[in-house]
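Chains as they are written, first to last, in this note's numbering: chain A, 61 to 224; chain B, 61 to 224.
Report on one structure; see the data block that follows.
Protein chains: 2
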Amino acid sequence: MTICDFRLAAFLPYRLAVLSERISRRLSRIYEAEAGLSMAEWRVMVHLSRCGAVSVREIHGCVNLDKPRVSRAVGRLEESGLVEKTSSPTDQRLLVISLSAAGRALLDRILPPAIAYESRLLAALSSEDRVALDRIMEKLHRVMDADPEARPRSRLDIPRDAAE
Amino acid sequence: MTICDFRLAAFLPYRLAVLSERISRRLSRIYEAEAGLSMAEWRVMVHLSRCGAVSVREIHGCVNLDKPRVSRAVGRLEESGLVEKTSSPTDQRLLVISLSAAGRALLDRILPPAIAYESRLLAALSSEDRVALDRIMEKLHRVMDADPEARPRSRLDIPRDAAE
DNA sequence: TGACTTTTGTTGCAAGTGCAACGATATCAG
DNA sequence: CTGATATCGTTGCACTTGCAACAAAAGTCA
Chain A
61 MTICDFRLAA FLPYRLAVLS ERISRRLSRI YEAEAGLSMA EWRVMVHLSR CGAVSVREIH
121 GCVNLDKPRV SRAVGRLEES GLVEKTSSPT DQRLLVISLS AAGRALLDRI LPPAIAYESR
181 LLAALSSEDR VALDRIMEKL HRVMDADPEA RPRSRLDIPR DAAE
Chain B
61 MTICDFRLAA FLPYRLAVLS ERISRRLSRI YEAEAGLSMA EWRVMVHLSR CGAVSVREIH
121 GCVNLDKPRV SRAVGRLEES GLVEKTSSPT DQRLLVISLS AAGRALLDRI LPPAIAYESR
181 LLAALSSEDR VALDRIMEKL HRVMDADPEA RPRSRLDIPR DAAE
């Protein structure tokens with residue numbers, strides 16, 4: 061009967077995990093039920109839509125997925141014809157991955173509802189809330205950045221105006 | 061070349077997922093490396109420390125884990141001697157689960173560092189930030205609450221002062 | 001009482017995950 | 001040129017997850 065006053069529901073890591081998972085699962089209904097994509101495949105597709113033809117390594121470093129997960133996601137996407145794999149002419153190790161026409165078409169279909177869902181979330185926040193949320197999330201990331209035991213942040217997830 | 065200006069790194073669901081996972085993984089070093097607990101087991105133990113002797117169903121409804129996951133977590137915890145399972149005398153279906161002395165001792169050891177890590181995160185925020193974060197998370201949850209396609213919120217995760 | 005429904009916890013199974021090891025290619029030192 | 005080292009993508013494997021099906025116990029209602 062020592063530590064009984066600790067409330068899991070008030071524990072920040074837990075609360076973040078619950079909220080994040082709730083939102084992610086709801087969002088996945090859009091790209092999973094609609095297009096049969098897993099979260100990893102969704103992230104890869106979205107990344108490709110913006111960053112063009114890139115390697116597995118590049119994707120891995122940008123969307124917070126480990127290498128095997130990216131590799132398998134790309135494999136499945138290629139099987140589905142949504143993505144094309146070419147080996148780089150200058151470096152035989154590298155793979156150049158890009159969206160196919162079908163992949164682009166699919167993304168054109170599922171990106172709008174995904175963005176709409178984000179808007180629905182953002183609409184519940186005031187503009188002050190949105191600014192505060194950005195600031196708070198960045199502050200929390202900074203704590204992790206300073207912690208050598210924490211996994212480093214992906215390159216693209218660091219804001220451009222990352223004033224030290 | 062249609063939708064190319066969508067930045068995953070600015071997409072709220074993705075940002076929440078990345079931050080949450082980063083924090084969760086760091087936190088898991090405390091209860092995993094130190095005590096061999098998975099996240100599910102950690103949540104079950106913590107819940108038991110506060111809510112005493114409860115059923116699988118009860119845990120399932122409180123800590124955002126599905127029934128099979130709770131069942132298996134409890135099974136492993138029992139094997140490790142951290143938890144005790146008794147069948148209810150009044151209802152043979154029900155299981156009464158409670159921390160063993162060893163479980164309580166273990167929790168006494170790993171709860172302080174976990175709380176300390178949360179404090180480290182909270183210390184990076186101003187008191188205004190903390191208030192804002194509570195408000196923002198609750199607003200986002202409310203959006204999900206209003207969405208029939210979203211998974212409902214666990215009972216304990218709804219603030220007591222949940223003014224409609 | 002006796003069939004029907006509901007609830008509780010467990011199990012089966014296919015799919016996904018995380019980590020380490022691997023082969024293949026490229027790079028570099030001597 | 002050659003051996004050592006590093007990088008890239010894949011694969012193996014043990015483990016976890018999520019969903020649905022399940023048996024057992026309780027509740028329901030004629």
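Just so you know, even glycine gets a beta-carbon here, dropped at the ideal spot from N, CA and C.
Since this is a predicted model, take the numbers as computed values, not measurements.
Expected contact under 8 Å - CB spacing of residue i and residue j to nearest Å
i, j, result
"A192 (chain B)", "A192 (chain A)", "4 Å"
"L159 (chain A)", "S115 (chain A)", "The pair is not a contact, with the Cβ atoms about 15 Å apart (cut-off 8 Å)."
"R211 (chain B)", "R85 (chain A)", "6 Å"
"K145 (chain A)", "E138 (chain A)", "5 Å"
7 Å CB neighbourhood of residue i in its chain, flanking five on each side removed
i, result
"I170 (chain A)", "I90, Y91, E94 and A95"
"A237 (chain A)", "Residue 237 (chain A) is absent from the structure shown; chain A starts at 61 and stops at 224."
"A174 (chain A)", "L87, I90 and Y91"
"I218 (chain B)", "none"
"E224 (chain B)", "For E224 (chain B), the predicted model reports a pLDDT of 47, less than 50, meaning its position is unreliable and no value from the coordinates is stated."
"F238 (chain B)", "With chain B running from 61 to 224 in the structure shown, residue 238 (chain B) is simply not present."
"M61 (chain B)", "Low per-residue confidence applies at M61 (chain B): pLDDT is 47, beneath 50, and the placement is therefore not dependable, though the value from the model is reported in the following sentence. Excluding sequence neighbours, M61 (chain B) sits near nothing in its chain."
"E198 (chain B)", "P219"
Short Cβ contact (9 Å threshold) for residue i with residue j
i, j, result
"I83 (chain A)", "L68 (chain B)", "no"
"L181 (chain B)", "L166 (chain A)", "no"
"S80 (chain A)", "L185 (chain B)", "no"
"R195 (chain A)", "D151 (chain B)", "no"
"R136 (chain B)", "S98 (chain B)", "yes"
"R129 (chain B)", "V78 (chain A)", "no"
Contacts of residue i in chain A (Cβ-Cβ under 7 Å)
i, result
"P73 (chain B)", "I83, S84, L87 and E178"
"I119 (chain B)", "Correct list: empty, because the minimum Cβ distance to chain A is about 11 Å."
Cross-chain neighbours of residue i in chain B, by beta carbon under 8 Å
i, result
"K199 (chain A)", "A184, L185 and D189"
"R103 (chain A)", "L68 and Y74"
"R110 (chain A)", "C64, D65, F66, R67 and L68"
"I157 (chain A)", "None at all; the shortest Cβ gap to chain B is about 15 Å."
Contacts that residue i makes with chain B (C-beta to C-beta distance below 9 Å)
i, result
"A192 (chain A)", "E188, D189, A192, L193, R195 and I196"
"R211 (chain A)", "E81, R82, R85 and R86"
Close-in-space but distant-in-sequence residues of the same chain around residue i (CB under 8 Å, 5 per side omitted)
i, result
"R215 (chain A)", "G121 and C122"
"R164 (chain B)", "S109"
"S131 (chain A)", "V116"
"G112 (chain A)", "S158"
"Y177 (chain B)", "R86, L87 and I90"
"S147 (chain B)", "L154, L155 and V156"
"N124 (chain A)", "R103, S214 and D217"
"H107 (chain B)", "V114, I119, C122 and V123"
"R202 (chain B)", "none"
Where residue i meets chain B, residues with beta-carbon distance less than 7 Å
i, result
"H107 (chain A)", "L68"
"V203 (chain A)", "R180, L181 and A184"
"V123 (chain A)", "L68"
"L216 (chain A)", "A69"
Residues that residue i contacts on chain A, provided the C-beta gap is smaller than 8 Å
i, result
"S80 (chain B)", "P73, L76, A77, L79, S80 and E81"
"D126 (chain B)", "In chain order: nothing, as chain A lies at least about 12 Å away."
"L166 (chain B)", "In chain order: nothing, as chain A lies at least about 11 Å away."
Close Cβ partners of residue i (< 6 Å) along its chain, the five nearest in sequence each way excluded
i, result
"W102 (chain A)", "Y91"
"K227 (chain A)", "Chain A is shown only over 61 to 224; residue 227 (chain A) falls outside these bounds and no answer can be derived."
"A133 (chain A)", "A100, E101 and V104"
"M204 (chain A)", "A210"
"P172 (chain B)", "none"
Proximal chain A residues relative to residue i, where beta-carbon distance stays under 9 Å
i, result
"D151 (chain B)", "Residues of chain A passing the Cβ test: none, with the nearest at roughly 26 Å."
Any chance you could list the alpha helix (DSSP H) runs of at least 4 consecutive residues sitting entirely within the stretch 166 to 194 of chain A, in chain order? none
Quick one: complete alpha helix (DSSP H) runs, 4+ long, within the stretch 62 to 126 of chain B? Entirely contained in the stretch 62 to 126 of chain B, the alpha helix (DSSP H) runs reaching 4 residues are, in chain order, 72 to 88, 99 to 111 and 116 to 120.
Quick check for students: name the residue ranges of the beta strand (DSSP E) that lie wholly in the stretch 139 to 163 of chain B, counting only runs of 3 or more. 143 to 147 and 155 to 159
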